[in-house]
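K.L.:
Structure below; questions to follow.
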Amino acid sequence: MQQHILKRKLSLQGMALFTVLSVMVILLIISLAIVSLSTGNLKTVGNINARFQALNLANAAAMYAIYELQNNWSNHTPWSPGHMLPPPSGLTYATHTYNPLTNTNGLPGKCRLAYIDNLINPHTAIVVGGPSFYPSLNTEVFSETAVIVAQGEYGGFKRTIRITVKYTYFGTGIEGVISYNSGTLLLNGIENINTLAPGNGTIFSEDGITYNNLSNYKFYNGSVLRSKGAITRIGGSVAVDSRFIESNKPAGPGLIDWSLEDPNVTGGDPAGYAVNYTGLTEPTGLGADSIARPSFHHTPNIEDNIQYVHKGHLIINQDTFVNGSLHIQSDTSFDGILTIQQNASLFVNGILTIDDNLDNKSTGNLYVAGYIDDPNGNPDNYGLSLKINKLTNKSIDTKNKKGLAIFTDGDIRISGINYSWIWTQEINNFFLHMPLDPEKIISTFNMLGLSEVDAPEARLWYESGSGAPPLVNISGFTGRQILEGYANDKLTEMGLTPIPPEISKWFSHPYSKYAVDWATFDGNIKIWETFKRNPTLYTNANDTFLQAVIFTHGTLTLDAYDTGWYPIHIVGCVIARRTSVSPTGHGGNVDCRGGSSIILYPEYFEARSGKVVIKPLLTIYAWEELY
759 MQQHILKRKL
769 SLQGMALFTV
779 LSVMVILLII
789 SLAIVSLSTG
799 NLKTVGNINA
809 RFQALNLANA
819 AAMYAIYELQ
829 NNWSNHTPWS
839 PGHMLPPPSG
849 LTYATHTYNP
859 LTNTNGLPGK
869 CRLAYIDNLI
879 NPHTAIVVGG
889 PSFYPSLNTE
899 VFSETAVIVA
909 QGEYGGFKRT
919 IRITVKYTYF
929 GTGIEGVISY
939 NSGTLLLNGI
949 ENINTLAPGN
959 GTIFSEDGIT
969 YNNLSNYKFY
979 NGSVLRSKGA
989 ITRIGGSVAV
999 DSRFIESNKP
1009 AGPGLIDWSL
1019 EDPNVTGGDP
1029 AGYAVNYTGL
1039 TEPTGLGADS
1049 IARPSFHHTP
1059 NIEDNIQYVH
1069 KGHLIINQDT
1079 FVNGSLHIQS
1089 DTSFDGILTI
1099 QQNASLFVNG
1109 ILTIDDNLDN
1119 KSTGNLYVAG
1129 YIDDPNGNPD
1139 NYGLSLKINK
1149 LTNKSIDTKN
1159 KKGLAIFTDG
1169 DIRISGINYS
1179 WIWTQEINNF
1189 FLHMPLDPEK
1199 IISTFNMLGL
1209 SEVDAPEARL
1219 WYESGSGAPP
1229 LVNISGFTGR
1239 QILEGYANDK
1249 LTEMGLTPIP
1259 PEISKWFSHP
1269 YSKYAVDWAT
1279 FDGNIKIWET
1289 FKRNPTLYTN
1299 ANDTFLQAVI
1309 FTHGTLTLDA
1319 YDTGWYPIHI
1329 VGCVIARRTS
1339 VSPTGHGGNV
1349 DCRGGSSIIL
1359 YPEYFEARSG
1369 KVVIKPLLTI
1379 YAWEELY
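And the structure:
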């Protein structure tokens, strides 16, 4: 019995021991599993961190390349149709390869870098092969770009990126304040003078932007109001949506400066120009010593109370020096108009008054060295350098590739026409409802053939539906009905795109007929040439344009009537600086009245790089990771 009890006791002890050992084994397995999982997680986290750091190193290397390209820039000379560079040859990554960069500010790892510089060539190139650290790459290098390939290595991981950069020219920069008063506030731009393709029209002002008594605003193509200072609504104006306002932003690119005593700006000594203008004279109504010439100190041939006068149309086709003030005067037979041709320069060592128009076909340069500084004169005219009394260009000249450069040390005042189209109010209402996507309007006009025909053909098609190709004809429908969307099914059957709803709604407006009549009227043929390419460049039946890049140390005033019926648009760029040569209390400001605006076209600005130091900014055009 005792022996049986003893055996049973030993059996229970064995089972207990076995159980304990089993539990210990299980705990050991669990512990090992936990350790294994923890190690795996740590390794995974470590891998993620290493990949992230490798990408950081690649991006840092790319920024190094951008910095180097920016600093290597010097006196960037753009190509032009008459002096176009040949296609690039021999481009290779080996020319600019840094392998590896190890100065990573204490961060472990390496980065490698290579780039191809095609920034000033208007042709696209194909580069076979890649840098030594990524040899399998074949690259298309677009015109006027640089391609950067950068690689970061950290913890055994490599990440490689490719970035395309291009120069961006800031077109309009105001050192002081830009103000918009009454009418429609228009922000718009173009990218190509031939097609008037839409572009960004962002305005930058250092000291602030104000807008007052606006009836409406139209911002196209991503354009915004941008300022280092405040952007302020004054009075009973409509409020601009906050999406289009960028106030209190860091300063943009440093605003360039220039001097009228710099022969690089004036193309040599103006007194040595081919023509020294003399002729009729007349009183100015000013005192004998009433004009300041802070930059150009050449003694004028005539006192400031006398000025040269030209009656009618003055055409400048040679470099011309006027050693005194000049008045281009209208008379009973001719309007007082100035046209500068053949890229010539006109230098006025005084003030310049144009009774009527500054022709939109003008190219070359206009310099005005003096401004009114008469303590006994009309205070409204203090600081005035250039006055244009009646701008009448109703369209944009797509053949004017370079525009006119205007340099003044004093104020510029441009006034518009004061007569209206018969249906001005109705046409203005039509433009008020214009869609905000220019591409849809332009693509619709292109599809229907409107952008390729002249005004009489377009008018006939709109009214009757008849017309030769490329116009789209649909039996039983007028052009107006096609634009209004009534023939969308027929367009689809023809393999074309239906008229977009916002376009058909716009042309269903009760005043659309008045607008088409205005754009295609016999006397407005030039208007159609602009309208058919990009209607968003108009806000009004009486819009006028000046194709120019303006450099002023004074204040630019686009002096349209407060009704908003006669807007003035500068097509190009404006640089307004406030310096020691500016009229006291003036300078660096722009005042846009009555719906007037600056339509940005930076190519006119770039074309002046031989006269002023224009340093563009490198911006990232495309970014991708290579695998």
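For what it's worth, my numbering labels the leading residue of the sequence shown as 759, then goes sequentially.
Even glycine gets a Cβ: it sits at the ideal position worked out from N, Cα and C.
The structure presented is a predicted model; accordingly, all values stated were derived computationally and were not measured.
#1: What separation, rounded to the nearest whole angstrom, lies between the Cα atoms of Phe-977 and Ser-1173?
#2: Could you tell me the alpha carbon to alpha carbon distance between Gly-914 and Ala-812, rounded to whole angstroms?
#3: My understanding is that Val-899 touches Leu-954, with C-beta atoms under 8 angstroms, so please give their C-beta distance in whole angstroms.
#4: Terminal residues of the continuous alpha helix (DSSP H) containing Ala-1306?
#5: Going by the beta-carbon positions, is the gap between Gly-947 and Gly-959 smaller than 8 angstroms?
#6: Give a yes or no on whether the C-beta atoms belonging to Asn-1063 and Thr-1042 are separated by under 8 angstroms.
#7: Along the chain, where does the beta strand (DSSP E) containing Gly-941 start, and where does it finish?
#8: So, using beta-carbon positions, are Tyr-935 and Tyr-969 closer together than 8 angstroms?
#9: Can you name, in chain order, every residue of its own chain whose Cβ lies under 6 angstroms from the Cβ of Thr-1337, other than the five neighbours on each side?
#10: Would you kindly report the start and end of the unbroken alpha helix (DSSP H) that includes Asp-1169?
#11: Which residue from Leu-1144, Phe-1054, Met-1252, Leu-1304 puts its Cα closest to that of Asp-1020?
#12: Rank Ser-995, Ile-1199, Pro-1227, Ser-1270 by C-alpha distance to the C-alpha of Gln-1423 and give the top, closest one.
#13: Could you check how far apart the C-beta atoms of Leu-1013 and Arg-1335 are, in whole angstroms? I think they sit under 8 angstroms.
#14: Using a Cβ-Cβ cutoff of less than 6 angstroms, which residues in the same chain neighbour His-1071 once the five nearest sequence positions on both sides are dropped?
#15: Excluding sequence positions up to five away, which residues of its chain have a Cβ less than 8 angstroms from the Cβ of Asn-807?
#16: Compute the Euclidean distance between the alpha carbons of Trp-1181 and Leu-1084, then round it to the nearest angstrom.
#17: For Leu-1044, which residues of its own chain have a beta-carbon under 8 angstroms away from its beta-carbon, when the five flanking residues on both sides are left out?
#18: Output the boundary residues of the alpha helix (DSSP H) element that contains Pro-1196.
#19: Looking at C-beta atoms only, is the number of pairs between the stretch 998-1007 and the stretch 1021-1033 that lie closer than 8 angstroms three or more?
#20: With distances taken Cα to Cα, identify the nearest neighbour of Pro-846 among Arg-870, Ala-872, Tyr-856, His-881.
#21: Please classify Pro-839 as buried or exposed, where buried requires at least 16 other C-beta atoms within 10 Å of its C-beta.
#22: Cutting at 6 angstroms between CB atoms, please list the residues of its own chain near Ile-1283, excluding the five before and the five after it.
#23: Of the choices Tyr-925, Pro-893, Ser-901, whose alpha-carbon is the least far from that of Thr-918?
#24: Could you round the C-beta distance between Val-1339 and Pro-1052 to whole angstroms and report it? I think they count as a contact, below 8 angstroms.
#25: Going straight from the alpha carbon of Thr-903 to that of Asn-1292, what length do you get?
#26: For Ser-981 versus Ser-963, is the C-beta distance shorter than 8 angstroms?
#27: Does DSSP put Asn-896 in a helix, a strand or coil?
#28: Shortest alpha-carbon distance to Gly-994 belongs to which of Ser-1017, Asp-965, Tyr-938?
#29: Under a CB-based cut-off of 8 angstroms, is Gly-1045 close to chain D?
#30: Would you say the stretch 1190-1210 touches the stretch 1342-1352, given that touching needs at least three Cβ pairs under 8 angstroms?
#31: With 16 as the cutoff for other CB atoms within 10 Å, does Trp-1381 come out buried or exposed?
#32: Enumerate, from N- to C-terminal direction, the unbroken alpha helix (DSSP H) stretches of 4 or more residues contained entirely within the stretch 1276-1358.
#33: Starting from Phe-977, follow its DSSP beta bridges and name the residues at the other end.
#34: Could you give the first and the last residue of the continuous beta strand (DSSP E) run that contains Tyr-912?
#35: Check whether the Cβ atoms of Thr-1078 and Leu-1104 sit closer than 8 angstroms, and answer yes or no.
#36: Do Asn-1115 and Thr-1090 count as a contact pair if the criterion is CB distance below 8 angstroms?
P.N.:
Inspection of the coordinates gives the following:
#1: Sequence index remark: in the sequence shown, residue 977 carries index 219 (1-based). Sequence index remark: in the sequence shown, residue 1173 carries index 415 (1-based). In a straight line, the C-alpha of Phe-977 is about 24 angstroms away from that of Ser-1173.
#2: Working through the sequence shown from its first residue, we reach residue 914 at position 156. Working through the sequence shown from its first residue, we reach residue 812 at position 54. Cα to Cα, Gly-914 sits roughly 9 angstroms from Ala-812.
#3: Along the sequence shown, one-based indexing puts residue 899 at 141. Along the sequence shown, one-based indexing puts residue 954 at 196. Their Cβ separation, rounded to whole angstroms, is 28 angstroms, which puts Val-899 and Leu-954 out of contact at 8 angstroms.
#4: One-based indexing of the sequence shown puts residue 1306 at position 548. From DSSP, Ala-1306 is part of no alpha helix (DSSP H) but of the beta strand (DSSP E) over 1302-1310.
#5: Locating residue 947 in the sequence shown gives position 189, where the first residue counts as 1. Locating residue 959 in the sequence shown gives position 201, where the first residue counts as 1. Yes, the pair counts as a contact, with Cβ atoms nearer than the cut-off.
#6: Walking along the sequence shown from the start, residue 1063 turns up at place 305. Walking along the sequence shown from the start, residue 1042 turns up at place 284. For Asn-1063 and Thr-1042, yes; Cβs fall inside 8 angstroms.
#7: Residue 941 sits at position 183 when you count from the first residue of the sequence shown. It spans 935-950 - the beta strand (DSSP E) in which Gly-941 sits, taken as one unbroken run.
#8: Taking the sequence shown and counting its residues from 1, the one referred to as residue 935 is at position 177. Taking the sequence shown and counting its residues from 1, the one referred to as residue 969 is at position 211. Correcting the residue identity first, residue 935 is Val in this sequence and not Tyr. No, they are not a contact pair.
#9: The residue given as residue 1337 occupies position 579 in the sequence shown. Within the same chain, Thr-1337 has close Cβ partners His-1311.
#10: By one-based count along the sequence shown, residue 1169 stands at place 411. Looking at the DSSP string, Asp-1169 is not in any alpha helix (DSSP H); the run it does join, the beta strand (DSSP E), is 1169-1174.
#11: In the sequence shown, counting from the first residue as 1, residue 1020 sits at position 262. The shortest C-alpha separation from Asp-1020 is found at Phe-1054.
#12: Missing from the structure shown is residue 1423; the chain here goes from 759 to 1385 and no further.
#13: Within the sequence shown, the letter at position 255 stands for residue 1013. Within the sequence shown, the letter at position 577 stands for residue 1335. Indeed, because the Cβ distance is near 6 angstroms, the residues count as touching under 8 angstroms.
#14: Translated into the one-based positions of the sequence shown, residue 1071 becomes position 313. Here the set comprises Phe-1092, Ile-1095.
#15: Along the sequence shown, read from residue 1 onward, the residue named residue 807 stands at position 49. Excluding positions up to five away in sequence, the list reads Gly-913.
#16: Here the question's residue 1181 lines up with position 423 in the sequence shown. Here the question's residue 1084 lines up with position 326 in the sequence shown. Cα-Cα distance, rounded: 38 angstroms.
#17: Against the sequence shown, residue 1044 aligns to sequence position 286. If we look at Leu-1044 and ignore the five residues flanking it on each side, its Cβ neighbours are Asp-1062, Asn-1063, Ile-1130, Asp-1132, Gly-1135.
#18: The residue labelled residue 1196 in the question sits at position 438 within the sequence shown. From DSSP, the alpha helix (DSSP H) with Pro-1196 extends over 1196-1206.
#19: no
#20: Looking up residue 846 in the sequence shown gives position 88. Cα-wise, what sits closest to Pro-846 is His-881.
#21: Your numbering for residue 839 matches position 81 in the sequence shown. In this prediction, Pro-839 scores a pLDDT of 35, lower than 50, which makes its location untrustworthy; the coordinate-derived value is nonetheless stated afterwards. That one is exposed.
#22: Here residue 1283 refers to the residue found at position 525 of the sequence shown. Once the five neighbours on either side are set aside, the close Cβ partners of Ile-1283 are Ala-1213.
#23: The count along the sequence shown starts at 1 and reaches residue 918 at position 160. The candidate whose alpha carbon is nearest that of Thr-918 is Pro-893.
#24: The residue given as residue 1339 occupies position 581 in the sequence shown. The residue given as residue 1052 occupies position 294 in the sequence shown. About 4 angstroms separates the two Cβ atoms, so the contact holds.
#25: By one-based count along the sequence shown, residue 903 stands at place 145. By one-based count along the sequence shown, residue 1292 stands at place 534. Distance between the alpha carbons of Thr-903 and Asn-1292: 27 angstroms.
#26: Locating residue 981 in the sequence shown gives position 223, counting from the first residue. Locating residue 963 in the sequence shown gives position 205, counting from the first residue. No, the pair does not count as a contact, with Cβ atoms beyond the cut-off.
#27: Position 138 of the sequence shown, counted from the first residue, corresponds to residue 896. Coil, per DSSP.
#28: Taking the sequence shown and counting its residues from 1, the one referred to as residue 994 is at position 236. It is Tyr-938.
#29: Chain labels in this structure do not include chain D; a single protein chain is all it has.
#30: no
#31: In the sequence shown, counting from the first residue as 1, residue 1381 sits at position 623. Exposed is the call here.
#32: 1283-1289
#33: In the sequence shown, counting from the first residue as 1, residue 977 sits at position 219. According to DSSP, which records beta bridges pairwise, Phe-977 is partnered with Leu-945.
#34: Taking the sequence shown and counting its residues from 1, one reaches residue 912 at position 154. Here the beta strand (DSSP E) through Tyr-912 covers 903-912.
#35: Translated into positions along the sequence shown, residue 1078 becomes position 320. Translated into positions along the sequence shown, residue 1104 becomes position 346. Result yes, Cβ atoms of Thr-1078 and Leu-1104 sit closer than 8 angstroms.
#36: For the purposes of this step, residue 1090 is taken as the residue at position 332 of the sequence shown. For the purposes of this step, residue 1115 is taken as the residue at position 357 of the sequence shown. No.
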